[in-house]
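Worksheet for the structure shown next.
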Amino acid sequence: MAEREIGAVIGGDLHLISDEEIALEGAFRGGPGILIIAGTGSSIIGRAADRAIYQAGGWGPSLGDEGSGFWIAQEALRAGFWAKDRGVATTLLAEIGEFWGLKSLGEIVEMANARPGPDLPALVPIIVRCAEAGDDLAIAVLERAGVELAEQVALVALKMKESGGRRKIEAACTGSILEHISLVRAAMVAALKTSSPGVKVLEGVVDSLEGALWRAREAARTDS
């Protein structure tokens, strides 16, 4: 219905597809493969050889989005207060408090629990900086983000194989977390070598615009 209504306004045929599918086209041009999305949120989408689509994650920050910017920030805050309770050294809370312009732990607690909440993904560069300075908890959070993403990739890969797909599956990446944080990407690749050795993570990141252009060309070719 939405396609017909919008098409009637702008003229011509209209095909509505999700951002995830557009990025998947950018990576595989209609062929099989897995797209790993990790930015503010996260989601895994795979297309099998029989063109069946399988997904994992993408349920939003309150229900999942493991390995995303939101998840990383939330886990870093939790790790910071976990360390505070146990007397474990970490720079996470001090750096986050400085970024937010806060002076006490109580203010950080209030800010983190505010509704509407703060822009948690904006904390990711702070967490990366702590990790690069050698903060063990910050490193652990980023590595765990990669492991969480790998677990969801493995789920999608298993579904694709069960549908009669090929043993070797290529996976492409998109999103700021996998583009800019090498620690997350390296941890994900390492985990996949154990859980899903048949999955090969491609270098670089996907350009979604390429997917949109490919889909438009295919639609024009089919309609002509």
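In UniProt numbering, the protein residues as written are 1 to 224. Think of the CB as a built atom: it goes at the ideal place given N, C-alpha and C, for glycine as much as any other residue.
Do Glu95 and Ile126 come within 7 Å of each other at the CB atom, strictly closer than that value?
Here residue 126 corresponds to residue number 126 of the sequence shown, with the count starting at 1. Here residue 95 corresponds to residue number 95 of the sequence shown, with the count starting at 1. Pairing Ile126 with Glu95 gives a Cβ-Cβ distance under 7 Å.
With a cut-off of 8 Å on the beta carbons, I'd call Gly33 and Ala171 a contact; round off their distance for me.
As a first step, residue 33 must be located in the sequence shown, where it is residue number 33. As a first step, residue 171 must be located in the sequence shown, where it is residue number 171. Contact between Gly33 and Ala171 is confirmed by a C-beta separation of about 7 Å, below the 8 Å threshold.
Grab me the residues of Glu75's own chain with a C-beta within less than 8 Å of its C-beta, minus the 5 sequence neighbours each way, in chain order.
Translated into positions along the sequence shown, residue 75 becomes position 75. Counting only Cβ-Cβ distances below 8 Å, and skipping sequence neighbours, we find Val141, Arg144, Ala145.
On the DSSP letters alone, give me the boundaries of the alpha helix (DSSP H) that residue 226 sits inside.
No statement about residue 226 is possible, as the shown extent of the chain runs from 1 to 224 and does not include it.
I'd like to check one pair, Tyr54 with Met188: are the Cβ atoms closer than 7 Å?
Mapped onto the sequence shown, residue 188 falls at position 188. Mapped onto the sequence shown, residue 54 falls at position 54. No, they are not a contact pair.
If you count every other CB in all the chains shown that lies within 10 Å of the CB of Ser42, and 16 or more means buried, which is it?
Locating residue 42 in the sequence shown gives position 42, where the first residue counts as 1. With at least 16 other beta carbons inside 10 angstroms of its own, Ser42 counts as buried.
What does Gln152 pair with, by DSSP beta-bridge criteria?
The residue given as residue 152 occupies position 152 in the sequence shown. According to DSSP, which records beta bridges pairwise, Gln152 is partnered with nothing at all.
If you run the structure through DSSP and keep just helix, strand and coil, what is Ile181?
For this step, residue 181 is matched to residue 181 along the sequence shown. The answer is coil: DSSP assigns Ile181 none of H, G, I, E or B.
Measure the alpha-carbon distance for Val206 versus Gly46 and round it to whole angstroms.
Residue mapping note: residue 206 aligns to position 206 of the sequence shown, counting from 1. Residue mapping note: residue 46 aligns to position 46 of the sequence shown, counting from 1. Distance between the alpha carbons of Val206 and Gly46: 14 Å.
Going by DSSP in three states, Ile6 sits in which element: helix, strand or coil?
Translated into positions along the sequence shown, residue 6 becomes position 6. Reliability of the predicted coordinates at Ile6 is poor, the pLDDT of 48 falling under 50, and the value obtained from them is presented with this limitation in mind. Helix at Ile6.
Who pairs with Leu35 in a beta bridge, going by DSSP?
Taking the sequence shown and counting its residues from 1, one reaches residue 35 at position 35. Paired residue(s): Ile45, Ala172.
Close Cβ partners of Leu155 (< 7 Å) along its chain, the five nearest in sequence each way excluded
Counting from one through the sequence shown, the residue named residue 155 turns up at place 155. Around Leu155: Ala56.
Output needed for Leu120: all residues of its chain with C-beta closer than 7 Å, excluding positions within five of it in sequence on either side, in chain order.
Walking along the sequence shown from the start, residue 120 turns up at place 120. The answer, listed in chain order, is Phe70, Ala73, Gln74.
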